[in-house]
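Just so you know, we're using the UniProt record's numbering here: the sequence shown kicks off at 1 and counts up by one. Taking it in order: structure first as structure tokens, then the write-up.
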Amino acid sequence: MNKKSNMMKQPGWKEGRRIRFHGDHGPLVIRLHGGPAAFGSAVPLAQGLSKGFRVIEPWQRPSGDRPLTVAIHIEDLHNLILSRFNGEKPALVGSSWGAMLALAYAAEHSDSINAIVLVGCGTFDKASRNVIVQRRTQKIADYISKHPEYKADLQLDIGAQMMKWHGMTDAYEPLAIDNEPQESEPFDMQGHTETWQDMVRCQEACIYPQSFSSVKVPAIMLHGADDPHPGTMIRDTLKRYIPHLGYHEFPRCGHDPEIEKYAKDDFFAVLRNWLKKHLSSTSGAQQGHRGDA
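Here you go:
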């Protein structure tokens with residue numbers, strides 16, 4: 001399958017949305033990227049699963065004529081599942097915002113999926129978000145205290161500091177990514193803002209996490225101990241509504257375990273074993289689903 005054929009028209013998705021495929025055998029997994037709007041960020045994890053799973057990597061809808069909402073993203077994902085898989089139920093593996101989307105989808109459509117995995121899951125209350133800000137700003141300050149050439153950055157507002165230093169604040173010791181260059185597009189700040197504002201609105205309206213009591217499929221959080229997102233706080237919030245939620249924390253690991261030097265191997269071992277345990281043994285390859293990324 002050539003690169004141009006990655007660009008597909010999918011029912012329920014904007015014309016020309018890109019859907020990438022990784023692996024050609026094994027249970028079916030949909031890999032949900034974070035952000036919102038962090039297109040392409042799902043590649044390392046998707047490729048890591050591709051030897052034993054058929055992994056779909058859809059890029060979520062970008063900003064357009066109408067403001068993006070969580071409901072729109074849920075509808076898009078549901079249309080993709082209904083239109084493409086002939087009744088086969090996938091697992092959802094989402095990171096950060098993608099984990100939140102997986103939960104929101106499972107709350108409405110648990111009967112359409114087999115399981116959900118939440119990697120570096122995002123937050124569902126102000127207290128957890130405040131912890132993220134505190135951890136990131138402290139890490140920036142600690143770093144600059146040892147590198148005074150960046151002292152001027154402390155005069156930036158918090159948002160600007162976090163944008164500039166995001167890679168440092170959210171990682172522990174990431175590996176260099178030596179994959180071939182991937183197709184990408186500019187970060188969609190409008191889509192990010194619209195989607196995130198609607199997620200916060202849904203939380204303020206007590207839609208999330210309260211509706212997660214409808215999540216009946218197996219679910220697990222996989223979280224780095226050094227992720228600024230407070231894993232145990234997020235877990236405790238979610239377990240009020242998903243009592244069967246599992247939790248596994250990786251030491252010396254930041255927000256993206258799949259690229260962390262000390263956690264990558266353990267992360268993939270835990271993830272593969274958990275998915276194989278909870279997914280159907282039926283794993284025949286779909287026609288036309290070949291790894292190409």
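Here a beta-carbon is modelled for each residue, glycine too, at the ideal position from N, C-alpha and C.
Asked	Found
Residues that Val93 bridges to, as DSSP identifies them	Arg31 and Val117
DSSP state of Phe212 mapped onto helix, strand, coil	helix
Nearest-angstrom Cα separation, counted from Gln134 out to Gly120	17 Å
DSSP-derived helix/strand/coil call for Val55	strand
Neighbour-count burial assignment, Ala176, 16 or more Cβ in a 10 Å radius	exposed
The beta strand (DSSP E) enclosing Ile19, as first and last residue numbers	Ile19 to His22
Exposed unless 16 or more other CB atoms sit within 10 angstroms - verdict on Met168	exposed
Span separating the alpha-carbon of Ile116 from that of Val93	6 Å
Boundaries of the alpha helix (DSSP H) in which Gly224 is found, first to last residue	Not the alpha helix (DSSP H): Gly224 falls in the beta strand (DSSP E), residues Ala219 to Gly224.
Beta-carbon contacts of Ala104 that lie in its chain and below 7 Å, excluding the five residues immediately before and after	Val70, Ile74 and Tyr208
Through-space distance from Glu204 to Ile259, alpha-carbon basis	33 Å
Outcome for Asn86 when other beta-carbon atoms lying within 10 angstroms are tallied against a minimum of 16	exposed
Minimum C-alpha distance to Phe124 - residue among Cys202, Leu28 and Ser110	Cys202
Residues near Pro251 by beta carbon distance below 6 Å, same chain, minus five either side	Ala225
Glu194, buried or exposed, once every other Cβ within 10 Å from all chains shown has been counted against 16	buried
CB contact flag (Ile113, Ala91, <8 Å)	yes
At least 3 beta-carbon pairs within less than 8 Å: the stretch 18-35 vs the stretch 48-56	yes
Reduced DSSP category for His166 - H, G, I as helix; E, B as strand; rest coil	helix
Buried versus exposed, by CB contacts within 10 Å (16 or more), Thr232	exposed
Contact under 8 Å by Cβ, Gly34 with Ser96	yes
Pick from Gly122, Ala46 and Asp65 that is closest to Met199, judged by C-alpha positions	Gly122
C-beta atoms of Gly40 and Asp170 nearer than 8 Å	no
DSSP beta-bridge partners of residue 297	With the chain covering 1 to 293 only, the question about residue 297 has no answer from this structure.
Proximity below 8 Å, CB of Leu118 to CB of Ala219	yes
Where His248 falls: helix, strand or coil (DSSP)	strand
Enclosing alpha helix (DSSP H) for Gly231 [first to last residue]	Gly231 to Lys239
Cβ neighbour criterion (16 or more within 10 Å) applied to Ile158	exposed
Option nearest Glu57 by Cα separation, candidates Pro44, His109, Phe268 and Tyr241	Pro44
Thr123 - DSSP class collapsed to helix/strand/coil	coil
Three-way DSSP call (helix, strand, coil) for Asp198 in this model	helix
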